[in-house]
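Each remark here refers to the structure printed beneath this line.
Protein chains: 2
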Amino acid sequence: MNNRQPVYLKLFETIAHAILDGKYQDGDLLPSVRSFASEQGANPLTVAKAYQLFQDRGLVTVRRGVGLFVADGAVQKLKADERQNFIDNIWPDVDKHMRRIGISAADLMKSET
Amino acid sequence: MNNRQPVYLKLFETIAHAILDGKYQDGDLLPSVRSFASEQGANPLTVAKAYQLFQDRGLVTVRRGVGLFVADGAVQKLKADERQNFIDNIWPDVDKHMRRIGISAADLMKSET
DNA sequence: CCTACTGTATTATGCCACTCATGCAGCATG
DNA sequence: CATGCTGCATGAGTGGCATAATACAGTAGG
Chain A
3 MNNRQPVYLK LFETIAHAIL DGKYQDGDLL PSVRSFASEQ GANPLTVAKA
53 YQLFQDRGLV TVRRGVGLFV ADGAVQKLKA DERQNFIDNI WPDVDKHMRR
103 IGISAADLMK SET
Chain B
3 MNNRQPVYLK LFETIAHAIL DGKYQDGDLL PSVRSFASEQ GANPLTVAKA
53 YQLFQDRGLV TVRRGVGLFV ADGAVQKLKA DERQNFIDNI WPDVDKHMRR
103 IGISAADLMK SET
């Protein structure tokens with residue numbers, strides 16, 4: 003029903019994960035709008051919209067005519083932001099949901115690794 | 003991040019939570035489409051759409067002209083469905099996200115009551 | 001300078017999920 | 001039968017998203 007996460011948000015996550023996983027580090031050049039678009043089978047403007055989100059957060063610096071670069075301290079900042087967002091917004095809901103259906107975090111840890 | 007959750011899904015969750023919390027039990031009459039709509043400040047058809055999801059899952063029985071009733075075994079079935087959905091769909095994503103940002107389930111359990 | 005690459009602004013168009021207003025159909029009660 | 005409640009089918013409007021076709025601005029390298 004709701005497979006409908008917008009493409010530009012999926013692209014944002016794809017990039018964010020690549021950064022968090024260390025594929026791109028501070029100062030690295032990100033794929034160009036057009037190349038990443040063709041690589042992902044998306045429209046360049048949709049990619050630009052995803053990149054815009056990084057700019058809004060100050061995670062990339064634009065060198066017009068050259069490309070987009072991971073800003074200084076962006077990796078750390080992105081990770082910190084994601085952690086804070088998880089603790090403040092995501093986990094409370096997940097925790098509530100778990101309590102409601104009677105699953106504890108301890109239960110889940112047993113069936114891991 | 004997602005304020006974009008449709009109203010009818012929020013309403014579905016509201017009802018589901020009420021059932022899981024024991025407010026409505028097997029055989030109980032659910033609020034009518036119109037009364038629940040005015041109570042929630044929503045459109046009756048949006049409420050109907052939420053109720054439709056329960057019908058699709060066989061969780062309610064319809065008595066046209068009378069109302070919607072919680073089906074026999076619905077409470078148990080809903081709980082089982084929610085658990086399965088959590089384990090299959092929700093938790094894997096949450097777990098992946100946690101690993102990526104370096105938070106373990108053990109970390110979260112420390113800061114809980 | 002010229003070419004080829006960068007990001008970006010503009011405008012237009014099609015699409016689809018969501019929401020809602022209206023009206024109809026079924027049942028209980030007096 | 002009449003009233004007043006139920007759920008529900010139909011159709012229309014809205015807004016966000018994605019795409020497209022251009023065009024422009026900035027930079028690097030031959």
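In order, the protein sequence lines correspond to chains A and B.
Under the numbering used here, the first residue of the first sequence carries the number 3, and numbering increases by one thereafter.
Under the numbering used here, the first residue of the second sequence carries the number 3, and numbering increases by one thereafter.
Just so you know, even glycine gets a beta-carbon here, dropped at the ideal spot from N, CA and C.
For residue i, three-class secondary structure by DSSP
i	result
B:Leu-80	helix
B:Arg-65	strand
A:Leu-70	strand
A:Leu-31	strand
B:Arg-101	helix
B:Gln-7	coil
A:Lys-51	helix
B:Asp-23	coil
A:Asn-45	coil
A:Ser-106	coil
B:Arg-59	coil
CB contact below 8 Å: residue i versus chain B
i	result
A:Val-72	no
A:Ala-107	yes
A:Leu-13	no
A:Leu-22	yes
CB contact check: residue i to chain A, cutoff 8 Å
i	result
B:Ile-17	no
B:Lys-81	yes
B:Glu-41	no
B:Leu-110	yes
B:Arg-85	yes
B:Phe-124	Summary: the structure shown does not reach residue 124 of chain B, with chain B confined to residues 3 through 115, and so no result is reported for it.
Supposed contact pair residue j and residue i - C-beta distance, whole angstroms, cut 8 Å
i	j	result
A:Ala-52	A:Ile-17	7 Å
A:Arg-85	B:Ile-92	Not confirmed; about 19 Å, so no contact.
A:Leu-31	A:Phe-56	Not confirmed; about 13 Å, so no contact.
A:Ile-103	B:Phe-88	6 Å
B:Leu-11	B:Gln-42	Not confirmed; about 13 Å, so no contact.
A:Ile-34	A:Gly-69	According to the sequence displayed, residue 34 of chain A carries Ser and not Ile. Indeed they touch by this definition, with Cβ atoms about 6 Å apart.
B:Ala-107	A:Leu-110	6 Å
Residue i CB to nearest heavy atom of the ligand FAD below 7 Å
i	result
B:Lys-12	By its list of ligands, the structure shown contains no ligand whatsoever, and the ligand FAD lies outside what it can speak to.
Report yes or no: do three or more beta-carbon pairs, one from the stretch 88 to 104 of chain B and one from the stretch 58 to 75 of chain B, lie closer than 8 Å?
no
According to a CB-to-CB cut-off of less than 8 Å, which residues of the stretch 93 to 105 of chain B neighbour chain A?
Trp-93, Val-96, Asp-97, His-99, Met-100, Arg-102, Ile-103, Gly-104 and Ile-105
At least three beta-carbon pairs within less than 8 Å, the stretch 41 to 52 of chain B to the stretch 71 to 84 of chain B:
No contact exists between the stretch 41 to 52 of chain B and the stretch 71 to 84 of chain B.
Residues within the stretch 55 to 68 of chain B neighbouring chain A, beta-carbon criterion of under 8 Å:
Result list empty, no residue passes.
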